[in-house]
């Protein structure tokens, strides 16, 4: 979900957060029990001379299936680019 786009005088900030539940990658059980958050910032190429930062907030979920060995998991980020040197675009995974 896109939550904010702002131009802070020479730079752009785009913020987004994910869904209200997650699916455990091991047992495939859906969980709405949030364990916490993790954050990631991506630098994109400039737009009309302005710096662009994309801020993402990922949910960390608690697996509610009692027989699952995985206790917590994070929203998948397969569609995000791999980390690349500054000034280069990454390709999706």
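Numbering (the numbering used here), first residue to last: 170 to 262.
We put the CB at the ideal spot given by N, CA and C, even for glycine.
In whole angstroms, what is the alpha-carbon distance linking residue i and residue j?
| i | j | result |
| --- | --- | --- |
| residue 199 | residue 221 | 34 Å |
| residue 235 | residue 206 | 22 Å |
| residue 212 | residue 193 | 29 Å |
| residue 189 | residue 214 | 30 Å |
| residue 204 | residue 242 | 9 Å |
Looking at the secondary structure, which residues open and close the beta strand (DSSP E) in which residue i lies?
| i | result |
| --- | --- |
| residue 220 | 219 to 231 |
| residue 203 | 203 to 216 |
Identify which residue in the options has its Cα closest to the Cα of residue i.
| i | options | result |
| --- | --- | --- |
| residue 237 | 191, 204, 197 | 197 |
Could you name the residues of the same chain whose beta carbon sits closer than 7 Å to that of residue i, not counting the 5 residues immediately before and after it, in chain order?
| i | result |
| --- | --- |
| residue 244 | 187, 191, 227, 228 |
Which same chain residues, not among the five before or five after residue i, have their C-beta less than 6 Å away from its C-beta?
| i | result |
| --- | --- |
| residue 216 | none |
| residue 233 | 200, 202 |
| residue 208 | 226 |
Among residues of its own chain, excluding the 5 on either side of residue i, which ones have a beta-carbon nearer than 8 Å to its beta-carbon?
| i | result |
| --- | --- |
| residue 210 | 222, 223, 224, 225 |
| residue 240 | 231, 232 |
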